[in-house]
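Count along the sequence shown from 1, then add 1020; that gives the number in my numbering.
Notes to accompany the following structure.
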Amino acid sequence: MGLDTKPLSTLHEKASYEVADFAVPSGREEEWRFTPLRRLRGLHKGPAAADGKVDTRVEAPEGVSVERVGRDDPRVGGVYVPADRVSAQAYGSFQEAVVITVPKEAVPSRHISVEVKGLGAEGAAYGHTVVVVEPLAEATVVLHHEGSATYADNVEFVVGEGASLSVISLQDWADDTVHVSHQHARLAKDARFTGFVISLGGDLVRISPTVAYDAAGGDATMYGVYFVDPGQHLEHRLLVDHTVPNCRSRVDYRGALQGDEAHAVWIGDVIIRAEAEGTDTYELNRNLVLTDGTRVDSVPNLEILTGEVEGAGHASASGRLDDQHLFYLQARGIPYDTARRMVVRGYLGELVERIAVPEIRERVEAAIEVELDR
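Below is the structure:
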């Protein structure tokens, strides 16, 4: 498969399955200028030997199909064409893909768990996962990443007509991990998608969630929570591509940073094409800076090619703890450290409480407490 010559937009101009169609990034490109390439361990250079080790295990309730297939399976790469060199490298290097299928009108009794465990940061590992939710079905998928790895992967979510899919992607890696992931959802008529990205661990983690629509009535909500520690680089690059009329999207990402050289990057791209009349979209990113020495890059982008929209907006804010909030609590006898915890918990908790899987919600709450103890 070669280069897809149709431009995606002025923000995303190239898509191809072939690594050779993408130049090795120098760091000056718009899509790479915030990423410290020297810390990618060669994932952006390629072709790289797939000699790393990652163990992927899937637990699914009765009625849900789980298959391991090659890249010649027509469901692999069916809805997503890589848009950068690392994604193309991952597509050309994985050994087998995991395909999960929720049959028509099914409502599984519990969530589907995909556990990805890195077995060592030496050598690169690659993965590919496809989740198909057939018409009128409902499902929740948890992607849980842990261990040590140098890992790049592509994840495809195919949401059928009238179906509903919730995805929780938890990056709970060891401190030495590099993870670059592209997660793409494609929505049919009246389909609903909720994506929740939670990034806590790793040395360098770059997650690129994207959403595209095939027919009217699609509804996508994208949440994100991240906590960045000293020297850590956590990057989230979103794309919502409105290509058809009367679809909706909402984005809300919130992060906290503490310690020297803690670096958070959030890029929110929303495209409303000329034919996408009646679009209703809004994206929001907030960052709470807890100490000196941190860095935040937050860039919302709207590319609107029609004037017939229901609504379109974005907002971005980064700042320190509100002294008035802390003073209010301290004036009522609450010690500073406790007041600080309460403010941070409340700030992130508005999104954490939306996590539908109790054990994951509790794990994230506990992880935030550990971060606040540092």
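Ideal Cβ positions, reconstructed from N, Cα and C, are used throughout, including at glycine.
All figures in this text were calculated on a predicted structure; none of them were measured in a lab.
Among all the DSSP beta bridges, which residues are the ones paired with Leu1185?
-> Locating residue 1185 in the sequence shown gives position 165, where the first residue counts as 1. In DSSP, Leu1185 forms a bridge with Ala1159 and Phe1213.
Please list the segments of the alpha helix (DSSP H) lying wholly inside the region 1104–1178, counting only runs of 4 or more residues, in order along the chain.
-> 1105–1113
Would you mind reading off the limits of the beta strand (DSSP E) that contains Asp1075?
-> Position 55 of the sequence shown, counting from 1, holds the residue named residue 1075. Element bounds for Asp1075: Val1074 to Glu1079.
Backbone CA spacing between Gly1180 and Ala1296 [nearest angstrom] | Here residue 1180 is taken as the residue at index 160 of the sequence shown, counted from 1. Here residue 1296 is taken as the residue at index 276 of the sequence shown, counted from 1. The straight-line gap from Cα to Cα measures roughly 20 Å.
Where the alpha helix (DSSP H) through Arg1061 begins and ends | Position 41 of the sequence shown holds residue 1061. Taken as a continuous stretch (DSSP letters only), Arg1061 belongs to no alpha helix (DSSP H), as it is neither H nor E.
Please classify Asn1369: does DSSP put it in a helix, a strand, or coil?
-> Translated into positions along the sequence shown, residue 1369 becomes position 349. Per the sequence presented here, residue 1369 reads as Gly, with Asn not at that position. Gly1369 falls in the helix class under three-state DSSP.
Residue burial classification, Asp1173 (beta-carbon count within 10 angstroms, cutoff 16) | Numbered from 1 along the sequence shown, position 153 holds the residue referred to as residue 1173. Counting Cβ neighbours within 10 Å, Asp1173 comes out buried, since at least 16 surround it.
Span separating the alpha-carbon of Arg1270 from that of Met1242 = The sequence position of residue 1270 within the sequence shown is 250, counting from 1. The sequence position of residue 1242 within the sequence shown is 222, counting from 1. If you take the alpha carbons of Arg1270 and Met1242, they lie about 6 Å apart.
Among Gly1313, Leu1258 and Arg1374, the one whose alpha carbon lies nearest that of Leu1322 = Indexing the sequence shown from 1 puts residue 1322 at position 302. Nearest C-alpha to Leu1322: Leu1258.
Please report how far the alpha carbon of Glu1330 lies from the alpha carbon of Val1101, in whole angstroms.
-> To locate residue 1330, count along the sequence shown from 1; it is residue 310. To locate residue 1101, count along the sequence shown from 1; it is residue 81. Each residue's Cα considered, the two are about 29 Å apart.
Taking Cβ to Cβ, would you say Leu1254 is nearer than 8 Å to Val1217?
-> Stepping through the sequence shown from its first residue, residue 1254 is reached at position 234. Stepping through the sequence shown from its first residue, residue 1217 is reached at position 197. Going by C-beta atoms, Leu1254 is not nearer than 8 Å to Val1217.
Taking the alpha carbon of Lys1065 as the point to measure from, which residue in Val1264, Ser1219 and Val1039 has its own alpha carbon closest?
-> Position 45 of the sequence shown holds residue 1065. Checking every option, the nearest Cα to that of Lys1065 belongs to Val1039.
Could you pull the start and end residues of the alpha helix (DSSP H) that Glu1389 belongs to?
-> Looking up residue 1389 in the sequence shown gives position 369. It spans Pro1378 to Asp1393 - the alpha helix (DSSP H) in which Glu1389 sits, taken as one unbroken run.
Beta carbon of Trp1138, beta carbon of Thr1197: below 8 Å?
-> Within the sequence shown, the letter at position 118 stands for residue 1138. Within the sequence shown, the letter at position 177 stands for residue 1197. The question names Trp, but residue 1138 is Gly in the sequence shown. Cβ atoms of Gly1138 and Thr1197: closer than 8 Å.
With respect to the beta strand (DSSP E) encompassing Ile1287, which residues constitute its N-terminal and C-terminal limits?
-> Counting from one through the sequence shown, the residue named residue 1287 turns up at place 267. First-last of the beta strand (DSSP E) with Ile1287: His1283 to Ile1292.
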